[in-house]
Amino acid sequence: MGGISFVRLDMKTCMQAHRYILFNCDELIQIRTMHKDRLKARNRSSRPTDYVIDKMHRDEFCDWFRDYVQNMDETMKHQLPNRVRWLAKGPNPEARSFSRYVHNGVKFRTKDNEIGRTTQNSGVCVTVEGGTTYYGRIISIIELNYFDEECFVLFKCDWVDTAIGRGYKVDEFGFELVNFSRLVHTGDRLSDDPFILAPQASQVYYVADERHPNWEVVVKTKPRDVFDAGNDDDIDDYCENEPYNFNVEQILENVQDDLTWFRNEVEGTTLDIPQEFPMVCQISLCFLLKYFFLHAQIYDISVLLALFCLRKCVLYC
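The sequence shown runs 145 to 461 under our numbering.
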């Protein structure tokens, strides 16, 4: 954790965060199902669609859940798990706010905290029920506190509109592209869902697509072992996530120019190579290197070096 401060959440933000926690708590699955069944029974005469029931459930569940637990007799109330009882009371509007947060060896930062840095740690994605993947950038990190009995760390994000061609698309090379000028769940409406729980987030980063203004290529990474040693938050740790930090030009400089690419102990073979062959190979390898670089993970560095060496061989042709 870093850059800790205390903030007082406005009613709308507090409700959005609280609702997200209630709808993602496994201990409340039965109670949520009970509420939906009661909504269906109450509105049986109008035969509402599942969409209407789901909307009513989202709008009414928080207040209904609080009243449902409060109106229980003491015997039934004490049969509930402690977490359920405390969640029913609602959160403290006084929350802790962080500029960065480490979870399972992955360091996340807010978008504002990245300004002036050479690393990128604010990109996240989450796959929701139904298989849709949302891509976003963290704009704030808060810890919602249920009066010191339960605490949850949440990321509030700018979320890209997942409608095909609007805020999300796949190009002809199979790369996923997103457009952060087209957002959903901005938090302006009470019904918006701008939050996710920290353990749900997968880290990604975004590379500007020079061919398409406002569009960025999504690059997914695999986490590596990172330990929060409490170092100064103003100093970049260049070991945060290796896929961001190796430099292709530096790798090329490290490849010795005086390497021998032929063997002296065997008789050579002369080949007739078309004049255009080296150029074709170079173009093909450039596409291969671009694809590999965008998909490279920390254990692929040796293969990447091999590809550069192969490209060097072609240049000698």
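Beta carbons: idealized from backbone N, C-alpha and C, even for Gly.
Note that the coordinates shown come from a computational prediction; the quantities given were computed from them, not determined experimentally.
Buried or exposed by the 16-neighbour rule on C-beta atoms within 10 Å, applied to residue i
i: residue 238; result: exposed
i: residue 308; result: exposed
i: residue 235; result: buried
i: residue 150; result: exposed
i: residue 195; result: exposed
i: residue 273; result: exposed
i: residue 360; result: buried
i: residue 157; result: buried
i: residue 291; result: exposed
i: residue 317; result: exposed
i: residue 188; result: exposed
i: residue 264; result: buried
i: residue 186; result: exposed
i: residue 130; result: This structure leaves residue 130 out entirely; the chain is present only between 145 and 461.
i: residue 249; result: exposed
Cβ separation of residue i and residue j, assumed to be a contact under 8 Å, to the nearest whole Å
i: residue 282; j: residue 254; result: 5 Å
i: residue 247; j: residue 161; result: Between residue 161 and residue 247 the Cβ distance is about 17 Å, and since that is not below 8 Å, they are no contact.
i: residue 304; j: residue 280; result: 6 Å
i: residue 165; j: residue 209; result: Actually they do not touch by this definition, with Cβ atoms about 11 Å apart.
i: residue 270; j: residue 345; result: 6 Å
i: residue 325; j: residue 202; result: Residue 325 to residue 202, Cβ: 27 Å. No contact.
Alpha-carbon to alpha-carbon, residue j and residue i
i: residue 328; j: residue 364; result: 21 Å
i: residue 268; j: residue 197; result: 30 Å
i: residue 311; j: residue 358; result: 10 Å
i: residue 294; j: residue 231; result: 8 Å
i: residue 323; j: residue 339; result: 19 Å
i: residue 321; j: residue 315; result: 7 Å
i: residue 242; j: residue 276; result: 28 Å
i: residue 353; j: residue 362; result: 10 Å
i: residue 172; j: residue 218; result: 19 Å
i: residue 467; j: residue 180; result: Only positions 145 to 461 of the chain appear in this structure, which leaves residue 467 out of reach.
i: residue 167; j: residue 258; result: 31 Å
i: residue 245; j: residue 224; result: 32 Å
i: residue 178; j: residue 206; result: 13 Å
i: residue 192; j: residue 184; result: 8 Å
i: residue 214; j: residue 256; result: 41 Å
Bridge-paired residues (DSSP) for residue i
i: residue 347; result: 268
i: residue 277; result: 271
i: residue 245; result: 252
i: residue 341; result: 298
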